[in-house]
Amino acid sequence: MKHKGVQYFVLVVYVVFALLGAYAFYYLSQNQPVFSLPSLKVKEGSEMHAFMNKVGANEITYVFEKGKITFSINGVRCCKMIYTAEEMGNLIETVGNIAFGLNGDYYQSDLLANIERDPFIRDNLNLVGKFIYNFPIGFRLTFYT
Amino acid sequence: MRRKYAFVFALLLVISLLTTSVAFAGGGDSPKPEGRVFLDSLINTINGDLSIGGFTASELSALLNVRSLNKDELDPIRFKSIGIQSSPGLLAVQYNGENIVSITWQGYELRNVFNAANNILHKEYNFRIPKSMGYSVINGADRALLQLEVRTTEDASMVSEPLLVDLPVPINIDISREGYLTVEDISLAGLFDERVNEGLSEAVRFAEYAEVKSIVSCWDKGTLTLSADGKSYPQVILYEEGIKEVCNDYSCAGYVNNFIEILKYSTAGVDIAIPGGTHSQEARCRE
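The structure is reproduced here in structure tokens:
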């Protein structure tokens, strides 16, 4: 009897957590909060550092939100990419196809080769784009010199 | 002697075209142009500096191999302005603001003139302009409004008007596996450096990896769109303040404002066919 009570308690806890999780997902997808990730210092001598020097950038920021990615240099908005789930899906699929195509020619990477051998991943690249579009939380990522 | 006859024949063709224009003048509505290109240029008659499409002489020399005119080249220039305007079915030339000639045509008439002129070229000089190239140019002239202005000034502070490109129908480009370009059926093989062809050949290989046969890319007043084989991709919006920020310490700082002016008001696109691909008939860069 005592054992059954524990089972009910655990079940209630599961249901409560599931409801909280569902509400949290709903809340996030409705409000689209943007979390700032820790800023990253760009290593001197790297290609990124050379690029930033070339364009006179002390700081580069990417803001990933649902359906858009904004790119800013030194706090000035430079360009914005707008996409639907389908468009991002098409982009990921195309980039993936190019990466798989290049694999044999250039990289000889075991990881890419393994991915290439997996027809499930290859056939469902489009879903990755849809997942990115539907991700309920936004991120701000900043690189600085 | 044969050249003399050829010259007389060519003269007769031009006269017949001019008289045709009188017969057609004012009769019927010309088709509305689908696009517009406006290119203004200014010659400073004091120092020979050229300003083209909104760029000053120093900006032009930084971008292209354009030099100022010397005294011998400036001496014969006596006009204030020459304007050439070509719209569907009409070619008009203005000299110092006055209309001096206007020719109306139908597409088939221009093609007839082209064929006749091409035959003369072939017989006299053993040279023939490819038919597809000629027809392509005629079709282009029959679809868009082209305005060219050449003006003179003595004022060193004057700059030409910014270039305006408004072409809602994308330009057809074919790329061969070897990286040779054909623009609107006009072959540009041999025009570019071998490295350009190698780069394009590499791009074709990338497109084949991406399993793409045709690409339509459009620029419309600040927004870049892309579609491949009918599938659309994310669109990119460029911001004026951002471009200026990037150009601040970069080599484009000197002429970035001119580029922004051109890009802000321009619409143009390309419809690229990779080997095995076809051009889209419905593609438009602006509705």
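Sequence order for the protein chains is B and S.
Here the first sequence is numbered in my numbering, starting from 311 and rising by one per residue.
Here the second sequence is numbered in my numbering, starting from 1444 and rising by one per residue.
Glycine included, C-beta positions come from ideal geometry on N, C-alpha and C.
As the structure is a computational prediction, the values presented were derived from the model and not from experiment.
Test: residue i CB closer than 8 Å to a CB of chain B
i	result
S:Gly1749	Since the first residue of chain S shown is 1444 and the last is 1730, residue 1749 of chain S is not available in this structure.
S:Tyr1623	no
S:Leu1681	yes
S:Ser1675	yes
S:Gln1678	yes
8 Å Cβ cutoff, residue i in contact with chain S
i	result
B:Met391	yes
B:Glu305	No answer is possible for residue 305 of chain B: it lies beyond the span of chain B, which begins at 311 and ends at 455.
B:Leu401	yes
B:Thr404	yes
Coarse secondary structure for residue i, derived from DSSP in three states
i	result
S:Val1465	Its pLDDT being 36, under 50, S:Val1465 is placed unreliably by the model, and the measurement read from it follows with that caveat. Helix.
S:Lys1523	coil
S:Cys1728	coil
S:Ser1484	strand
S:Glu1704	helix
B:Val320	helix
S:Glu1597	coil
S:Glu1740	Past the edges of chain S, shown from 1444 to 1730, lies residue 1740 of chain S, and the structure says nothing about it.
B:Gln342	coil
B:Val373	strand
S:Ala1632	coil
S:Asn1615	strand
B:Ile447	coil
S:Ser1723	coil
B:Ile442	helix
S:Thr1625	strand
Through-space distance from residue j to residue i, alpha-carbon basis
i	j	result
S:Ala1632	S:Ala1716	16 Å
S:Ala1587	S:Gly1478	5 Å
B:Phe449	B:Val344	5 Å
B:Val322	B:Leu329	10 Å
S:Gly1673	B:Leu435	18 Å
S:Gly1471	S:Gln1549	Unreliable placement is indicated for S:Gly1471, whose pLDDT of 42 sits below 50; the coordinate value is still reported in the next sentence. In a straight line, the C-alpha of S:Gly1471 is about 11 Å away from that of S:Gln1549.
B:Asn264	S:Ala1505	This structure cannot settle anything about residue 264 of chain B, because the visible part of chain B is limited to 311 through 455.
S:Asn1542	S:Ala1560	26 Å
S:Gly1526	S:Leu1606	15 Å
B:Gly315	B:Asn444	39 Å
B:Phe319	B:Ala332	20 Å
S:Asn1582	S:His1565	22 Å
S:Thr1462	S:Tyr1551	Unreliable placement is indicated for S:Thr1462, whose pLDDT of 36 sits below 50; the coordinate value is still reported in the next sentence. Rounded to whole angstroms, S:Thr1462 to S:Tyr1551 spans 16 Å at the Cα level.
S:Thr1625	S:Asp1609	21 Å
S:Ser1660	S:Ala1671	9 Å
S:Phe1635	S:Tyr1623	9 Å
S:Thr1547	S:Ala1535	9 Å
S:Glu1730	B:Glu354	48 Å
S:Ile1563	S:Ile1629	21 Å
S:Ser1619	S:Pro1718	6 Å
Chain-ordered chain S contacts of residue i [CB-CB under 7 Å]
i	result
B:Leu347	The contacting residues do not exist; B:Leu347 stays about 22 Å from chain S at best.
B:Gly355	Going along chain S, no residue has its Cβ under 7 Å from B:Gly355, so there is no contact; the nearest lies around 19 Å.
B:Leu435	Simply none; closest approach about 12 Å.
B:Ile408	Phe1649, Tyr1652 and Ala1653
B:Gly411	Tyr1652
Residue i: contacting residues in chain B (beta-carbon distance under 7 Å)
i	result
S:Glu1688	Ile383, Asn384, Val386 and Cys388
Beta-bridge pairing of residue i - partner residues as DSSP gives them
i	result
S:Lys1674	S:Ala1671
S:Ile1581	Per DSSP, none; premise fails for S:Ile1581.
S:Ser1545	S:Ala1535
B:Leu456	Given a span of 311 to 455 for chain B in the structure shown, any question on residue 456 of chain B remains unanswerable.
B:Phe391	Sequence inspection shows Met at residue 391 of chain B; the Phe mentioned does not correspond to that position. According to DSSP, which records beta bridges pairwise, B:Met391 is partnered with B:Ile379 and S:Val1679.
S:Thr1666	S:Asp1663 and S:Ile1680
S:Asn1558	DSSP lists no partner for S:Asn1558.
S:Ala1711	S:Trp1662
S:Glu1592	S:Asp1483 and S:Gly1526
S:Asp1609	S:Arg1479 and S:Thr1710
9 Å Cβ cut-off: residues of chain B touching residue i
i	result
S:Glu1684	Val386, Arg387 and Cys388
Interface residues of chain B facing residue i [CB-CB closer than 8 Å]
i	result
S:Lys1514	Neighbours of S:Lys1514 on chain B: none; closest Cβ ~42 Å, over 8 Å.
Closer than 8 Å to chain D by CB, residue i
i	result
B:Lys376	The question asks about chain D, but that chain is absent: this structure's protein chains are B and S.
Closer than 7 Å: residue i CB and nearest the ligand GDP heavy atom
i	result
S:Gln1724	What this structure holds is no ligand at all, so the ligand GDP is not there to describe.
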